[in-house]
Structure formats: C-alpha cells, structure tokens
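A.B. asks:
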Amino acid sequence: MKKLLYQFDTDPQASVFDNVVAYDGGADHVTAYANCNADMITPLVEGAIFTRSGSNKKNTAIFVGGSDINTGDKLFDTIQKYFFDGFRVSTMLDSNGCNTTAAAAVACILKNGVILGKNVVILAGTGPVGGRAAVIMAKLGAKVCISSRGMQRSEQACNYLNQRFGVEIEPREAKTNENRAKLIENAQIVLATGAAGVELLSEDDWRNNSSIEIMVDANAVPPAGIKGIKMTDKGESRHGKTTWGSIGFGPAKLALQRQCIGRLFEQNDLILDVDEIFNIATEII
C-alpha cells in the first residue's frame, strides 16, 4: 500500500521545499494543497481518516506548512479535532520549517554545552523559527528573551508563545546594532533568526564579549545576520565563541525533517509539534 502524504500549506503556493523533502523522507506520493485554513479543511481531513482501515491507516499522513505560524497552529489544532477513536492519521506541523530548523539548531547548541540556567537572546526572534527555538530553550531551563525592532511586536510574539506553550519568554526592543550589542552583553547563547539580507550584529558588536559561549546564525542568504560567522560554520571557534551557520546545521535540519516524515508512516496516531520534533532531533543529532 502506498504511503500518501497530504501537504496542507497556508500560503498561496505550496512549498516545493517541503514537497521534495517529503518524498526524500519516504512518502510515495505527496498531494499539496495551497491556501489552506481551518474553515475549509473538513473534507480534506475526512478523506484522510475515513478511507483506509485498521493498520493501513498508518499509510496516510498530513503535513501542515506555510509561512504563517499562527495560521498553521490553528490549522494544526483544527485537524486534530476531527480525530476520534481509531479514525486518525499521523500529523506534523512545520510552518516555514519552524520546528525542524529550531530543533536542529538547539540540538547543535546542546552538542557544545548546556542550556539549563543560561541567558539566551534570540535576535529578530518574532518569526516561526525564533519563536520555536525560544520555546525549546525555555523548556530546557534557560532564561530567554526575544528581540524585535518594535516592542509591540516582541510582546505579541512572547504573549502568544507563553500562552500556547506555558513558558516564560521575555520581550525586548532592539532597533539598531548598538541596541542589540547592548542586549547580548550578559548572554551566554545568541541565536539570530532575522530576515534575509539584514545584518543584526557587526563583528565588533560581539568579538570582545566575554560572556558569550555559543552563537548561531540561521540566515541562509548573504549577508550574514551576525557578521563574522560564516554560513558554513559547524561548531567553529571564533573569538573564543563556538559558532554555527545556517549551512553548518542545515544538513541536520534536513535529516530531521526527513526522519520525521518517515516516522509519520510508522503509526496512525503520531502528532509532531515542537516538543516531539525536538525529541527526535536529540536522538539523531
């Protein structure tokens, strides 16, 4: 029986990236739907849960993607409301790669040190990846703050994450490189998750900071979010700090996403969100 994955994407065009990785992860056929939202999902979910029976249900799975994490979360929650008794299929959420990218980055950080009790600053962290990374590290016992150029946006992101995941993440405003350099003065871990093409820190902003132990830049498009970190850095030592670039931990992210897709077809009741995906990351990274 073929392994069928239904890709529910909240964007006007479904992600080709997620489609390719789904095939590489073990799906025999991927059907991608665009512009998905909680109000139109009923026939799609019912088609997935009512067609195959018994152990054959594990051969059908759902993947929720798209760039809008709030819409993705709502869609992910709504899908599960249709499940009952044995009428359910394994489902994964990874809007904009939020869970797999964040989990891979944090797993790489753990390879180089502990997170418990550390001060963590996530620069430009109001997006999907920054938010999920904040949740993971807060649950690991770090003191985490998220910065944005505007305090209102940072507060909105933190309030949402704190309410949804039961964590305590603090908002910060940092409009300039100078503001951000001040913000990381007492940080041990710094993660940059800003928009492509935006430099958040110059090398002079962090090279002489003696408190920083680990720095990660998730920006995959030049210029770097943190100048002085190369995209290919894979646990390099720079100015006494361990550094990771997007290409450095990128293979781990792809391996994790493929692994998660494969596991969807091992049972019909697997639900993969940030906690479950991070657990898988710690197994394989």
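Just so you know, we're using this note's numbering here: the sequence shown kicks off at 48 and counts up by one.
The C-beta atom is built at its ideal place from N, Cα and C for all residues, glycine as well.
All of these numbers come straight from a predicted model, not from anything done at the bench.
Within the same chain, show all residues whose beta-carbon is closer than 6 Å to that of residue 145, passing over the 5 residues directly before and after it, in chain order.
C.D. replies: Start at 1 with the first residue of the sequence shown, and residue 145 comes out as number 98. Excluding sequence neighbours, residue 145 sits near 116, 175, 176 and 179.
A.B. asks: Tell me the DSSP bridge mates of residue 49?
C.D. replies: Position 2 of the sequence shown holds residue 49. DSSP lists no partner for residue 49.
A.B. asks: At which residues does the beta strand (DSSP E) containing residue 91 begin and terminate?
C.D. replies: Position 44 of the sequence shown, counted from the start, is the residue given in the question as residue 91. Here residue 91 belongs to no beta strand (DSSP E); instead the alpha helix (DSSP H) covers 89 to 96.
A.B. asks: Extract the residue ranges of the beta strand (DSSP E) inside the segment 286 to 316, only unbroken runs of 3 or more that lie entirely within it.
C.D. replies: Qualifying beta strand (DSSP E) stretches, in chain order: 288 to 291.
A.B. asks: Measuring straight from C-alpha to C-alpha, what distance separates residue 142 and residue 87?
C.D. replies: Within the sequence shown, residue 142 is the residue found at index 95, counting from 1. Within the sequence shown, residue 87 is the residue found at index 40, counting from 1. Cα-Cα distance, rounded: 18 Å.
A.B. asks: For a test of the three-state rule: what should DSSP assign to residue 111, helix, strand or coil?
C.D. replies: In the sequence shown, counting from the first residue as 1, residue 111 sits at position 64. Here residue 111 sits in strand by DSSP.
A.B. asks: List the DSSP bridge partners of residue 262.
C.D. replies: For this step, residue 262 is matched to residue 215 along the sequence shown. 237 and 290.
A.B. asks: So, helix, strand or coil for residue 116, using DSSP?
C.D. replies: By 1-based counting over the sequence shown, the position of residue 116 is 69. In the structure shown, residue 116 sits in a helix (DSSP, three-state: H, G or I).
A.B. asks: Is it the case that the Cβ atoms of residue 246 and residue 288 are separated by a distance below 8 Å?
C.D. replies: Position 199 of the sequence shown, counted from the first residue, corresponds to residue 246. Position 241 of the sequence shown, counted from the first residue, corresponds to residue 288. Not in contact: residue 246 and residue 288 (Cβ atoms no closer than 8 Å).
A.B. asks: Does the distance from the C-beta atom of residue 294 to that of residue 260 stay below 8 Å?
C.D. replies: To locate residue 294, count along the sequence shown from 1; it is residue 247. To locate residue 260, count along the sequence shown from 1; it is residue 213. Taking 8 Å as the Cβ cut-off, residue 294 and residue 260 do not qualify as a contacting pair.
A.B. asks: Just the Cα atoms here: how many angstroms apart are residue 82 and residue 233?
C.D. replies: Counted from its first residue, the sequence shown places residue 82 at position 35. Counted from its first residue, the sequence shown places residue 233 at position 186. Whole-angstrom Cα-Cα distance: 43 Å.
A.B. asks: Comparing C-alpha positions only, which one of 320, 331 and 314 sits nearest to residue 106?
C.D. replies: Within the sequence shown, residue 106 is the residue found at index 59, counting from 1. Comparing Cα-Cα distances from residue 106 to each of 320, 331 and 314, the minimum goes to 314.
A.B. asks: Pick out whichever of 199, 147 and 138 has its Cα sitting closest to the Cα of residue 183.
C.D. replies: Residue 183 sits at position 136 when you count from the first residue of the sequence shown. For the residues 199, 147 and 138, the minimum Cα distance to residue 183 belongs to 147.
A.B. asks: Inspect the CB distances between the segment 195 to 204 and the segment 115 to 132 and report whether three or more fall short of 8 Å.
C.D. replies: No, they do not touch.
A.B. asks: What whole-angstrom Cβ distance do residue 170 and residue 239 have, given they're in contact under 8 Å?
C.D. replies: Locating residue 170 in the sequence shown gives position 123, where the first residue counts as 1. Locating residue 239 in the sequence shown gives position 192, where the first residue counts as 1. Residue 170 to residue 239, Cβ: 5 Å. Contact.
A.B. asks: On the three-state DSSP scale, how would you describe residue 128?
C.D. replies: Taking the first residue of the sequence shown as 1, we reach residue 128 at position 81. Here residue 128 sits in helix by DSSP.
A.B. asks: Do you know whose CA, among 332, 244, 321 and 331, lies nearest residue 186's CA?
C.D. replies: Walking along the sequence shown from the start, residue 186 turns up at place 139. Answer by Cα proximity: 321.
A.B. asks: In angstroms with no decimal places, state the Cα-to-Cα distance between residue 210 and residue 181.
C.D. replies: Taking the first residue of the sequence shown as 1, we reach residue 210 at position 163. Taking the first residue of the sequence shown as 1, we reach residue 181 at position 134. Approximately 13 Å, taken between the alpha carbons.
A.B. asks: So what's residue 247 in DSSP terms, helix, strand or just coil?
C.D. replies: To locate residue 247, count along the sequence shown from 1; it is residue 200. Three-state result, residue 247: coil.
A.B. asks: Bridge partners of residue 69, per DSSP?
C.D. replies: The residue given as residue 69 occupies position 22 in the sequence shown. For residue 69, which the question treats as bridged, DSSP gives no partner whatsoever.
A.B. asks: Please list the terminal residues of the continuous alpha helix (DSSP H) segment that includes residue 229.
C.D. replies: Start at 1 with the first residue of the sequence shown, and residue 229 comes out as number 182. Run containing residue 229: 224 to 230, per the alpha helix (DSSP H) assignment.
A.B. asks: With distances taken Cα to Cα, identify the nearest neighbour of residue 90 among 66, 151, 126 and 307.
C.D. replies: One-based indexing of the sequence shown puts residue 90 at position 43. Nearest of 66, 151, 126 and 307 to residue 90, Cα basis: 126.
A.B. asks: Check residue 193 in the structure and name its three-state DSSP category.
C.D. replies: Position 146 of the sequence shown, counted from the start, is the residue given in the question as residue 193. Of the three classes helix, strand and coil, the one that applies to residue 193 here is strand, per DSSP.
A.B. asks: From residue 296 to residue 226, what does the alpha carbon distance come to, in whole angstroms?
C.D. replies: Position 249 of the sequence shown, counted from the start, is the residue given in the question as residue 296. Position 179 of the sequence shown, counted from the start, is the residue given in the question as residue 226. Using only the alpha carbons, I get a separation of about 27 Å.
A.B. asks: Secondary structure at residue 219, three-state DSSP: helix, strand or coil?
C.D. replies: To locate residue 219, count along the sequence shown from 1; it is residue 172. If DSSP states are grouped into helix, strand and coil, residue 219 belongs with the strands.
A.B. asks: Could you check which residue in 123, 163, 95 and 168 has the C-alpha nearest to that of residue 135?
C.D. replies: One-based indexing of the sequence shown puts residue 135 at position 88. When each option's Cα is compared against that of residue 135, the closest is 95.
A.B. asks: Nearest CA to the CA of residue 75: which residue from 219, 266, 164 and 54?
C.D. replies: Residue mapping note: residue 75 aligns to position 28 of the sequence shown, counting from 1. Checked all of 219, 266, 164 and 54; the closest Cα to residue 75 is 54.
A.B. asks: DSSP state of residue 60, grouped into three classes?
C.D. replies: Along the sequence shown, read from residue 1 onward, the residue named residue 60 stands at position 13. If DSSP states are grouped into helix, strand and coil, residue 60 belongs with coil.
A.B. asks: Judging by CA-CA distance, which residue of 270, 263 and 114 is the nearest neighbour of residue 282?
C.D. replies: Locating residue 282 in the sequence shown gives position 235, counting from the first residue. Among 270, 263 and 114, the Cα nearest to that of residue 282 belongs to 263.
A.B. asks: If we count the other Cβ atoms within 10 Å of its Cβ and call it buried at 16 or more, is residue 191 buried or exposed?
C.D. replies: Counted from its first residue, the sequence shown places residue 191 at position 144. Buried is the call here.
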